[in-house]
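Undergrad: Start counting the sequence shown at 77; every next residue gets the next number (this note's numbering).
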Amino acid sequence: MVRLLAFIRHADPGLVLGAGVGDTGEPDLAIKDLTGAMRLSIDVGLPDWRRVKKSVLRTREHVVYTYGGRAATSWWKLAAEPLAACPNLTVMAVPDATLAAMAALIERSMEFDCMVQDGELRLTAGTRSVSADIVSWQTVTNLP
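Spelled out as structure tokens, the structure:
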């Protein structure tokens, strides 16, 4: 569900899914420019902060979407200081309540309508709707 949120928030014709959960060397989602250079890379979960720090050197913008309540908070306590020096890094936290509300929309054959307006993301499935609250822990400070 967090990958779905990230995919919606960064919707772009060039946005592709990464190699997969088992490949820790590749981002979960990415956009490359026409030269093959990484324009945007997105990690979901609790990635090793050392790998994130290396990744931000190879991409114009890197975004981490973290989740997991206390585990995410503990990860951020360890990662915040070393990652603070990365001006092209954004770190977002998806609250457990948002994930639970999204999970309640899941059905065997489901269709979502998505709306992003003024930074708010809303998912609608039939008559049910969820506002996806996402908390910013660190935002990009300088993009070329």
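Using N, Cα and C, we set each Cβ at its ideal position, and we do this for glycine too.
Everything numeric in this text was worked out from a predicted model, so none of it was measured.
With three or more beta-carbon pairs closer than 8 Å as the criterion, would you say the region 193 to 200 touches the region 161 to 174?
TA: The region 193 to 200, when compared against the region 161 to 174, does not touch it at the 8 Å Cβ threshold.
Undergrad: If you count every other CB in all the chains shown that lies within 10 Å of the CB of M168, and 16 or more means buried, which is it?
TA: Mapped onto the sequence shown, residue 168 falls at position 92. By the 10 Å Cβ count, M168 comes out buried.
Undergrad: Are there 16 or more other CB atoms within 10 angstroms of the CB of V211, so buried, or fewer, so exposed?
TA: The residue you call residue 211 lines up with position 135 of the sequence shown. It is exposed - the Cβ of V211 has fewer than 16 other Cβ atoms within 10 Å.
Undergrad: How is R134 classed by DSSP in three states: helix, strand or coil?
TA: Locating residue 134 in the sequence shown gives position 58, where the first residue counts as 1. Looking at R134 - three-state DSSP - the assignment turns out to be coil, as it is neither helix nor strand.
Undergrad: How is the alpha helix (DSSP H) around V206 delimited, first residue to last?
TA: Position 130 of the sequence shown, counted from the first residue, corresponds to residue 206. Run containing V206: none in the alpha helix (DSSP H); it sits in the beta strand (DSSP E), 204 to 208.
Undergrad: Round the Cβ separation of Y141 and V78 to the nearest angstrom and send it over; I've been treating them as touching at under 8 Å.
TA: Counting from one through the sequence shown, the residue named residue 141 turns up at place 65. Counting from one through the sequence shown, the residue named residue 78 turns up at place 2. Yes, Y141 and V78 are in contact; Cβ-Cβ is about 5 Å, under 8 Å.
Undergrad: How is the alpha helix (DSSP H) around R146 delimited, first residue to last?
TA: On the sequence shown, position 70 is the one that residue 146 refers to. First-last of the alpha helix (DSSP H) with R146: 146 to 159.
Undergrad: DSSP beta-bridge partners for S212?
TA: Position 136 of the sequence shown holds residue 212. Answer is M168.
Undergrad: Based on the DSSP secondary-structure assignment, which residues constitute the bridge partners of V92?
TA: Your numbering for residue 92 matches position 16 in the sequence shown. V92 is bridged to A106.
Undergrad: Quick one: any contact between the region 144 to 156 and the region 110 to 120, if contact means 3 or more CB pairs under 8 Å?
TA: In short, these stretches do not touch, since the Cβ pair count stays below three.
Undergrad: Pick helix, strand or coil for I84, following the three-state DSSP scheme.
TA: Residue numbering aside, residue 84 sits at position 8 when the sequence shown is read from its first letter. Helix, per DSSP.
Undergrad: By DSSP, does A180 sit in helix, in strand, or in coil?
TA: Along the sequence shown, read from residue 1 onward, the residue named residue 180 stands at position 104. The answer is coil: DSSP assigns A180 none of H, G, I, E or B.
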